[in-house]
Amino acid sequence: MGEIKIAESVVKPAATEFSATAHDIRSLKNEVGVAESSLFGAFEGDAAQVTQELLSVLDKCIGSLADSYETHSVSLDDASRTFQDVDQGLATSRVHGGSGGSW
Numbered sequence: 078m079g080e081i082k083i084a085e086s087v088v089k090p091a092a093t094e095f096s097a098t099a100h101d102i103r104s105l106k107n108e109v110g111v112a113e114s115s116l117f118g119a120f121e122g123d124a125a126q127v128t129q130e131l132l133s134v135l136d137k138c139i140g141s142l143a144d145s146y147e148t149h150s151v152s153l154d155d156a157s158r159t160f161q162d163v164d165q166g167l168a169t170s171r172v173h174g175g176s177g178g179s180w
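Oh and the sequence shown: position 88 is 165 in my numbering, straight run, nothing missing.
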């Protein structure tokens, strides 16, 4: 019977990279907020409204992108832990004479 193995040396760095990227994207989101503050009052009328709407949409898109990266990071960590737990459970069961359990 086969074994489930997760290359922790691959999964953990990938999860860390996704998390770091999410952090970098959130920093960019903060810069959009700073830009919005510095542009406040620089435009009037329709130009002001369009600029505010553009920066608002940009803020939401960047936030959503950061959330997606963070979700992937957490998913990788969770998957790694789950497969390691299952692999350990199967190994322990076999050591004690079991068939590896049922799913």
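We treat Cβ as the ideally placed atom computed from N, Cα and C, and that holds for glycine.
Counting only residues of its own chain and dropping the five nearest sequence neighbours on each side, Gln126 has no CB closer than 7 Å to any other CB. Nearest neighbour of Ser133 by Cα position, chosen from Val88, Ser114 and Arg158, turns out to be Ser114. In terms of Cβ geometry, Ser141 and Ala92 do not form a close pair [threshold 8 Å]. Arg103 has its alpha-carbon roughly 14 Å from the corresponding atom of Thr148.
C-alpha of Thr128 to C-alpha of Phe120: approximately 8 Å in a straight line.
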